[in-house]
Amino acid sequence: MAKLRFYPMDITYKVINGEPVIHMYGRTVEGEQLCIVDHYEPYFWAVGDIKAIEKQIDETVARTEVVKKDLNGEIVDAVKIITMLPEHVPKMKDKLKETALCLEADILFARRYLIDKEIIPCQEYEIEAEPYEFSEGMKAFELKSIKPAERIYENQKILAFDIETLEQEDAPIIMFSLYGKDFQKVVTWKHFPTKEKYIEFVNSEADLIKRFRELVKEHQPDIITGYFSDGFDFPYIMERAKKYKLSIDISLDKSQPVIGRGENKSTKLTGINHVDVYKFVRNILRLDVDDYTLNSVAEALLKDRKHDVDFEKLPDAWKTGDGLEKFCQYNLHDSKLTYELCSKLLPNIVEMVRIVGVPMYDICRMALSQLVEWYLIRNAPKFNTLVPNRPAGDEFKTRLTRKYKGAFVFEPKPGLYNNIMLFDFRSLYPSIIASHNISPSTMNCSCCRDTAERVPFEKDEPGKIWFCTNKKGFISSMIGDLIERRMRIKEIMKKEKNPLLDARQYSLKLLANSFYGYLGFYAARWYCYDCARSITAYGRDYIHKVIKQFETEGFKVIYSDTDSIFVTTGKKKAKDAQDLAHKINKSLPGIMELEYEGNFPSGIFVSLKGTESGAKKKYALIDENDEIVIKGFETVRSNWSPVAKDVQKKVLTILLKEGDAEKALKYVKKIIENIRKHELGKEEFEIRTQLTKPVEEYESTAPHVAVAKRLIKEGHEIVPGMVIKYIITSGKGTIGSRARVTEQCTNEDYDADYYIENQVVPSVIKIFEVFGYSENDLAEKGAQDKLSKFF
DNA sequence: GAGCATCGGGG
DNA sequence: GTGTACGATGCTC
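In this text, residue positions in the first sequence follow numbering that gives the first Met the number 0: the first is 0, and each later residue adds one.
This is how it looks when you write it as structure tokens:
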């Protein structure tokens, strides 16, 4: 009998001799890759007439047991139907669908095993096992006993990769790069002289693919990572390998990567976790960036960028070898960025794996609602609760159309305010769910009919709903666990700053914050319309009460949205506001808390009405460290010219720091004059717009489309996804006809009037309106002729 | 402005 | 693999 300390990383099963066998791939703490095999039985639940159910049982069923289970708050006799093979489960379920309510028939077998055995991937286990004869050629053991141990697998071996291809029909892969700890490599099949040691040459695309297979196998990573590798790199490699009839058997069971079908395909390897950084960043992290390109994400998380290369030069460089080195460097750098992103995000990913209990491959591809769901599924057995089915048919359709009232927004009166204090409810919705015990199973219980407080719905959103005060609900307990776990981590973090702990608390917060959305999500198993609208009703009630209390005490409320409140102290002192918050906190139930978020010497609030999508935050504040916080001004985010963005920021800075609207106005006038005199560089006027489809498919001639069309005529290769960088030049005709690529412009070419009227003025006009100025005041001198046409 | 369709990432 | 995404944005009526 061997004793092992083992981190399970990827769990699958295979049918061997008519029996399902669990395979857990992973690494010992000493670093050896192993497979642990175990035996388990597939099953599902049927609730209904037991005799009728048992009559339908056929030879695929090994046996049945009757067990008392909780079905949405009620204890029922459930028949556990244990089948010979996982594939028998859906068949048996279909057979029983007229007879009984079948549950948990779509819980995947490998995940079922992890849940029932309480095994969490990336976590250390003490294992007793016997050597096992394994057809896959890998060292394997048969599990005899397993118990959890202390360590978490944090130092996983990551290998990042990236490919480059040409853009033609039947385009070959021309190079790939790999990047790991102390490892970097670019392989290409065009020879050229180079001193770069990491560049390796092969003789053909087929050899390149073989070399890819070889290098990945040699490296033995725990994680293979790419950027959009689910949708591009892996499918591309597999397709080219197929062309040459090559096998990319890099999985630990000697199988090839399996590419999922459908629109949103993903690539799975056995035993190696394939992390597509793009998917995790987009689905889970929800980074606040303009787009999710590798460049934007690397910029936001690493303060690093992709290399700048001109892809138009690639076909030529590939033909001659001249300048190809630059593309190799570019290729390697993409892998490096991906490696660093993956390393940086690993603590978040691992923590999510540990909370939710699902392998890393799946975690990285789940939406937040699915993470919540699997966290609940994993914990359902501890509450003896049966997992509800996903909605189907009419139920699904009904859910899709249901609407309910959302959060409260207190519209600010536009203006400049001084001595602003900001308070907000810490995790408002999660704390409401936990404090008011909001769960489908606790709703309108019979035991509290006469005693429990009703959810504070307003007249326009009627409802008689209460939640049990005697028994903790499943959902509310589970969110409570997350909140407590996070508070414990935050407590430790007060003593020591630790990025690892920070990643953990962040993952916990993300998951807790997703519960409200989950309860209202149409496809959720634990969907609960009345729970979701009860949460927003409580939210509105709490913020209303806080607003009222501040007003009663003599503070002026400027703005409030969902969970936050901005007040000016006026004649009162800052301490009075803090005292009031303290008093409010004493009256709040459970873990609810109104937090002091900060003091802002001044702030500008702009009217919310007339903005693009309803009640979006739109304000600028300056904090006590003279740092400016800008929220919601559209130019900050969209594809405006640098000059417009700069002017907006500078205007806000002058107003907030000096409170001098006259000075801000003078500044804008000065800039307008500079623009007119062509004293600014052309790069200040460059507008960037991405082509989202082939040029010929555009009906309109938007400026960037017009530019792209002209570039094509000039012989450039233009493909969807390219960012067109252009400047509006002066002259006659439409904007489109006057848009030109930046490179073809001089500092004299830009159309001063266009930039003043359509970029600079609009970027600040809303701000100046707050101070009683109009468009005329901004651009009066010299623009008189033009503007007179408009007024 | 509601409802439907497409797109995202990648070279 | 005991499976099939989702949320934002643009376009059309």
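Backbone N, C-alpha and C define an ideal beta-carbon position, used for all residues, glycine too.
These numbers were taken from a predicted model, which means no experiment stands behind them.
To the nearest angstrom, report how far apart residue i and residue j are at their CA atoms.
{"i": "F770", "j": "I734", "result": "32 Å"}
{"i": "A205", "j": "E238", "result": "12 Å"}
{"i": "Y416", "j": "S601", "result": "5 Å"}
{"i": "F5", "j": "D37", "result": "14 Å"}
{"i": "K570", "j": "E623", "result": "19 Å"}
{"i": "H703", "j": "D248", "result": "44 Å"}
{"i": "G609", "j": "E372", "result": "With a pLDDT of 46 at G609, under the threshold of 50, the modelled position of this residue cannot be trusted; read the value that follows with caution. Rounded to the nearest angstrom, the two C-alpha atoms are 38 Å apart."}
{"i": "D321", "j": "L113", "result": "54 Å"}
{"i": "Y428", "j": "K471", "result": "17 Å"}
{"i": "R448", "j": "W465", "result": "8 Å"}
{"i": "K241", "j": "P171", "result": "12 Å"}
{"i": "N263", "j": "G230", "result": "7 Å"}
{"i": "Q255", "j": "L268", "result": "7 Å"}
{"i": "P413", "j": "F767", "result": "10 Å"}
{"i": "A451", "j": "L370", "result": "32 Å"}
{"i": "C341", "j": "F200", "result": "28 Å"}
{"i": "R285", "j": "F632", "result": "20 Å"}
{"i": "P19", "j": "M83", "result": "8 Å"}
{"i": "K312", "j": "R687", "result": "21 Å"}
{"i": "S134", "j": "I56", "result": "34 Å"}
{"i": "I162", "j": "K194", "result": "21 Å"}
Along the chain, where does the beta strand (DSSP E) containing residue i start, and where does it finish?
{"i": "K656", "result": "Segment 641-657 is the alpha helix (DSSP H) holding K656; no beta strand (DSSP E) there."}
{"i": "K264", "result": "Here K264 belongs to no beta strand (DSSP E), and DSSP marks it neither H nor E."}
{"i": "E127", "result": "122-130"}
{"i": "I10", "result": "1-15"}
{"i": "S736", "result": "Premise fails: S736 lies in the alpha helix (DSSP H), 734-737, not in any beta strand (DSSP E)."}
{"i": "E163", "result": "157-164"}
{"i": "Y618", "result": "618-621"}
{"i": "K555", "result": "555-560"}
Going along the chain, which residues of its own chain have a beta-carbon closer than 8 Å to the beta-carbon of residue i, five neighbours each way excluded?
{"i": "E685", "result": "S640, P641, K724, Y725, I726, T741"}
{"i": "Q32", "result": "Y24, G25, R26, M137, K138, Q219, L251, G270"}
{"i": "F422", "result": "V545, S563, I564, V566, A576, A580, L593, E594, Y595, E596"}
{"i": "R453", "result": "K463, I464, W465"}
{"i": "P130", "result": "A1, A139, F140, E141"}
Here's a check: name, in chain order, each residue in its chain whose Cβ is nearer than 7 Å to the Cβ of residue i, leaving out the five neighbours to either side.
{"i": "M420", "result": "V566, T568, A573, A576, N598"}
{"i": "K209", "result": "L245"}
{"i": "E490", "result": "none"}
{"i": "I52", "result": "A45, V78, L95, T98, A99"}
{"i": "A104", "result": "F43, V88, P89, K92"}
{"i": "N443", "result": "I464, W465"}
In terms of DSSP beta bridges, what is residue i paired with?
{"i": "C101", "result": "A45"}
{"i": "Q183", "result": "Y178"}
{"i": "M442", "result": "F466"}
{"i": "C34", "result": "Y24, A139"}
{"i": "F76", "result": "Sequence check: residue 76 is Asp here, not Phe. K67."}
Around the Cβ of residue i, are there at least 16 other Cβ atoms within 10 angstroms (buried) or fewer (exposed)?
{"i": "T441", "result": "buried"}
{"i": "I21", "result": "buried"}
{"i": "I376", "result": "buried"}
{"i": "C121", "result": "buried"}
{"i": "P358", "result": "buried"}
{"i": "H435", "result": "buried"}
{"i": "H581", "result": "exposed"}
{"i": "K785", "result": "Residue placement at K785 is flagged as unreliable, the pLDDT there being 43, under the threshold of 50; a coordinate-derived value is accordingly withheld."}
{"i": "E64", "result": "exposed"}
{"i": "G392", "result": "exposed"}
{"i": "D578", "result": "exposed"}
{"i": "I437", "result": "buried"}
What are the boundary residues of the alpha helix (DSSP H) that includes residue i?
{"i": "S203", "result": "No alpha helix (DSSP H) contains S203, which DSSP labels as neither H nor E."}
{"i": "R110", "result": "108-115"}
{"i": "F279", "result": "276-279"}
{"i": "E594", "result": "First-last for E594: 593-604, but that is the beta strand (DSSP E), not the alpha helix (DSSP H)."}
{"i": "F422", "result": "Unbroken run through F422 is the beta strand (DSSP E), 414-424; no alpha helix (DSSP H)."}
{"i": "I249", "result": "No alpha helix (DSSP H) contains I249, which DSSP labels as neither H nor E."}
{"i": "G225", "result": "It is not in any alpha helix (DSSP H) - G225 instead sits in the beta strand (DSSP E) that spans 222-225."}
{"i": "S254", "result": "Element bounds for S254: n/a, residue is neither H nor E."}
{"i": "E238", "result": "233-242"}
{"i": "A316", "result": "313-319"}
Beta-carbon within less than 6 Å of residue i's beta-carbon, same chain only, minus the 5 sequence neighbours each way: which residues are those?
{"i": "S144", "result": "E127"}
{"i": "R401", "result": "Y528"}
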